[in-house]
Amino acid sequence: MTGKNSATPIPKPSVAIVGGGICGIVCAIALAQGEIPIQADLFESAPKFGEAGAGISLGHNAVQLLRSLGLLPALQKYLGSLNTADQPIIYTSGTDGHEPLYNYPVPDGNETIGMYRPAFIEALAPLVDKDHIHFLKRLVSVDPLEGGKHILRFADGTTHEADVVIGADGIRSVCRDFVTGSAKHVAFSNYVAYRALVKADDLQDCGMKSDLREAMFLFDGDHRRRTHVVTYPIDDKKTINVVALNTDHNVPVGSVDVEGLWVQPASRKELLDLFTGYGPDIIKLLERVFEPSKWYMHMVAPPIKCYSRQRMVIVGDAAHAMLPFLGAGGGQGIEDVYFLSKLLTHPKTNRNSVEDILALFNQYRVPRANSIAQRTIFVGNACQGYGREDRSLKECLTGQFEDIWYYDIDKDIEKALSSLPETRTHRSRESCSIQ
Numbered sequence: 001m002t003g004k005n006s007a008t009p010i011p012k013p014s015v016a017i018v019g020g021g022i023c024g025i026v027c028a029i030a031l032a033q034g035e036i037p038i039q040a041d042l043f044e045s046a047p048k049f050g051e052a053g054a055g056i057s058l059g060h061n062a063v064q065l066l067r068s069l070g071l072l073p074a075l076q077k078y079l080g081s082l083n084t085a086d087q088p089i090i091y092t093s094g095t096d097g098h099e100p101l102y103n104y105p106v107p108d109g110n111e112t113i114g115m116y117r118p119a120f121i122e123a124l125a126p127l128v129d130k131d132h133i134h135f136l137k138r139l140v141s142v143d144p145l146e147g148g149k150h151i152l153r154f155a156d157g158t159t160h161e162a163d164v165v166i167g168a169d170g171i172r173s174v175c176r177d178f179v180t181g182s183a184k185h186v187a188f189s190n191y192v193a194y195r196a197l198v199k200a201d202d203l204q205d206c207g208m209k210s211d212l213r214e215a216m217f218l219f220d221g222d223h224r225r226r227t228h229v230v231t232y233p234i235d236d237k238k239t240i241n242v243v244a245l246n247t248d249h250n251v252p253v254g255s256v257d258v259e260g261l262w263v264q265p266a267s268r269k270e271l272l273d274l275f276t277g278y279g280p281d282i283i284k285l286l287e288r289v290f291e292p293s294k295w296y297m298h299m300v301a302p303p304i305k306c307y308s309r310q311r312m313v314i315v316g317d318a319a320h321a322m323l324p325f326l327g328a329g330g331g332q333g334i335e336d337v338y339f340l341s342k343l344l345t346h347p348k349t350n351r352n353s354v355e356d357i358l359a360l361f362n363q364y365r366v367p368r369a370n371s372i373a374q375r376t377i378f379v380g381n382a383c384q385g386y387g388r389e390d391r392s393l394k395e396c397l398t399g400q401f402e403d404i405w406y407y408d409i410d411k412d413i414e415k416a417l418s419s420l421p422e423t424r425t426h427r428s429r430e431s432c433s434i435q
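Going by the UniProt record's numbering, the first residue of the sequence shown is number 1, and it counts up by one from there.
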């Protein structure tokens, strides 16, 4: 029998995830396998899961979290094997004889993933409970309700209520508009990235000096035109992911609005014209690309000082979309959802402690992710010879990766949980709403 003084346990919060990309899917899986599992409802605007056809590079930090979540076996069916570093990141001249500039040392055992984004989604999507996946749900607005819940309103006229809303809806986030009060926090970075793929076999007999299968390469560019090329192997080294970039540093970030689609088809000729006069390896590489596309790269700017409002929280690109020059954007999104899921599924967490959880999430995640986002701007500029002053490329890059790769997120989670109040019987107050 239940004693007179016993109380009905306060239930776990219900969770809705907006966005079925990499962050949204990993978040749903992490919540479902938490210490006290939460089965979140996942809402995706498209008729099925999918990502734009480009590669994703995940560093050692993200690989360790995917391992902790038990997701590597599913990924390795598509990946083949992890890239275990035995070579540095290679920075070389993009012109003339491709003279070496700097080899960034990578410690033994450093694991990375280079993978085709659609394959990443295809590998993990089956691990999400299909009864909690809702397709063709384009979010229109979010409104708070009395008692702490939020109501999501979709374009098809349907609604959904949840105690916590996790916005994983990317760079064009509707959830971010709610969190920031509709303030503009997205800017065109002035970088245009041409993304494409090359079959590694097509490069075998063309006389290239650089073996692009064995390491990540950055080809330094023409500093007058502000261009450079980044490559890394994906698909178990069968494919080379190519990102060719150009920018105009004389235009203030955010001063130009991109009209039309942010991702557009491109042609091989367009790429070759842009890189006329580059060294032979670059020309041979670009002559063999397939499926090129042109990305007008946007980022969250100015940085958001708080990733939550009331009981909505944004993660990944919705919170801190960044430039690709440290290969850190995807990893920061995975860190976000790992951290959040560990706190939400902890035994001390209940429906009344959501605000406590989001306050801790902001305390630990905002400084780290925003700092890395700002560093990507510096590194991108340095790779094009801009903003270096009298420093060499080596001086600009030294020490940029280590605290990203070897961050001890579990230590921060432990500290956060130690400061979490014991089971709350009344709702806590929101502690962060300044943008």
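Think of the CB as a built atom: it goes at the ideal place given N, C-alpha and C, for glycine as much as any other residue.
Below 8 Å on the Cβ atoms is my contact criterion, and I expect residue i with residue j to pass it. Report the Cβ-Cβ distance as a whole number of Å.
i, j, result
"Gly-279", "Asp-129", "No, Gly-279 and Asp-129 are not in contact; Cβ-Cβ is about 51 Å, not under 8 Å."
"Ile-29", "Leu-124", "7 Å"
"Arg-49", "Ile-121", "The sequence shown places Phe at residue 49, not Arg. Contact flag correct, Cβ pair sits at about 5 Å."
"residue 438", "Ile-409", "No answer is possible for residue 438: it lies beyond the span of the chain, which begins at 1 and ends at 435."
Determine the closest residue to residue i out of the options, with distance taken between C-alpha atoms.
i, options, result
"Ile-413", "Pro-105, Leu-358, Asp-205, Val-243", "Leu-358"
"Tyr-386", "Asp-281, Gly-221, Val-15", "Gly-221"
"Thr-227", "Met-216, Glu-214, His-249", "His-249"
"Tyr-338", "Leu-286, Leu-66, Lys-415", "Leu-66"
"Tyr-104", "Phe-401, Glu-422, Val-186, Val-192", "Phe-401"
"Val-15", "His-150, Gly-94, Ile-234", "His-150"
"Arg-309", "Pro-118, Pro-144, Met-115, Ser-57", "Pro-144"
"Asn-370", "Gln-332, Asp-273, Ser-255", "Gln-332"
"Leu-197", "Tyr-78, Thr-8, Ile-234, Leu-393", "Ile-234"
"Leu-127", "Ser-210, Asp-156, Ser-141, Gly-20", "Gly-20"
"Gly-327", "Ala-62, Leu-139, Glu-99, Glu-51", "Ala-62"
"Pro-292", "Asp-163, Gly-277, Pro-265, Asp-273", "Pro-265"
"His-132", "Arg-268, Met-115, Leu-42, Glu-161", "Leu-42"
"His-134", "Thr-398, Gly-254, Gly-24, Glu-287", "Gly-24"
"Pro-303", "Thr-276, Gln-374, Asp-390, Ser-255", "Gln-374"
"Phe-325", "Val-140, Phe-219, Leu-136, Gln-64", "Phe-219"
"Leu-274", "Ile-314, Leu-285, Ala-244, Val-18", "Ala-244"
"Tyr-407", "Arg-368, Gly-70, Thr-398", "Arg-368"
"Asp-177", "His-160, Thr-159, Gln-64, Leu-139", "Leu-139"
"Tyr-116", "Ile-56, Asp-108, Pro-107", "Ile-56"
"Ala-215", "Tyr-78, Pro-88, Val-142", "Pro-88"
"Lys-294", "Cys-383, Tyr-194, Tyr-102", "Tyr-194"
"residue 436", "Leu-286, Gly-34, Leu-71", "Because the chain in this structure spans residues 1 to 435, residue 436 falls outside the shown range and cannot be described."
"Asn-246", "Glu-161, Gln-384, Gly-148, Ala-162", "Gln-384"
"Leu-393", "Pro-47, Leu-75, Tyr-78, Tyr-102", "Tyr-102"
Within its chain, find whatever has a CB closer than 6 Å to the CB of residue i; leave out the 5 residues flanking it on each side and keep chain order.
i, result
"Ala-321", "Ile-171, Met-299, Val-300"
"Thr-231", "Leu-212, Phe-217, Ile-240, Val-242"
"residue 443", "No answer is possible for residue 443: it lies beyond the span of the chain, which begins at 1 and ends at 435."
"Val-164", "Pro-13, Val-15, Arg-311, Val-354"
"His-60", "Asn-110, Glu-111, Trp-405"
"His-98", "Thr-92, Lys-209, Gly-279, Asp-281"
Give the DSSP-derived three-state secondary structure of residue i in the structure shown.
i, result
"Asp-336", "helix"
"Asn-103", "strand"
"Asn-381", "helix"
"Ile-121", "helix"
"Ala-40", "coil"
"Leu-245", "strand"
"Gln-264", "strand"
"Gly-331", "helix"
"Glu-214", "coil"
"Gly-114", "strand"
"Phe-154", "strand"
"Ile-409", "helix"
"Thr-8", "coil"
"Ala-416", "helix"
"Lys-209", "coil"
"Ile-234", "strand"
"Tyr-91", "strand"
"Ile-314", "strand"
Closer than 8 Å by C-beta to residue i: which residues in its own chain qualify, once you throw out the five before and the five after it? Chain order, please.
i, result
"Leu-420", "Leu-343, His-346, Lys-348, Thr-349, Ser-353, Asp-356, Ile-357, Leu-360"
"Ala-200", "Leu-212, Arg-213, Pro-233, Lys-237, Lys-238, Thr-239, Ile-240"
"Val-289", "Ala-196, Leu-197, Val-198, Val-242, Arg-268, Leu-271"
"Gln-435", "Annotation note: pLDDT 49 at Gln-435 (below 50); position unreliable, no value reported."
Should residue i be counted as a contact of the ligand NAP given a C-beta to heavy atom distance under 6 Å?
i, result
"Lys-149", "Absent from the structure shown: the ligand NAP. Ligands present: none."
By Cβ distance, which residues of its chain are closer than 7 Å to residue i, with the 5 residues on each side in sequence left out?
i, result
"Tyr-364", "Phe-339, Asp-412, Ala-416"
"Tyr-296", "Phe-188, Val-192, Val-258, Trp-262"
"Val-251", "Asn-190"
Measure from the C-beta of residue i to each C-beta in chain E and report whether the shortest distance is under 7 Å.
i, result
"Ser-371", "Note that chain E does not occur in the displayed structure, where there is just one protein chain."
- request: Assess, as a yes-or-no matter, whether the region 24 to 40 is touched by the region 343 to 356 under the definition of 3 or more beta carbon pairs within less than 8 Å.
  value: Judged by pairs of C-beta atoms under 8 Å, the region 343 to 356 touches the region 24 to 40, as three or more such pairs exist.
task: Kindly confirm or deny that the region 200 to 209 and the region 372 to 383 touch, where touching means at least three C-beta pairs closer than 8 Å.
output: No, the region 200 to 209 does not touch the region 372 to 383.
- prompt: Counting pairs of Cβ atoms below 8 Å between the region 159 to 169 and the region 304 to 322, do you hit three or more?
  reply: Between the region 159 to 169 and the region 304 to 322 there are three or more C-beta pairs closer than 8 Å, enough to call the two in contact.
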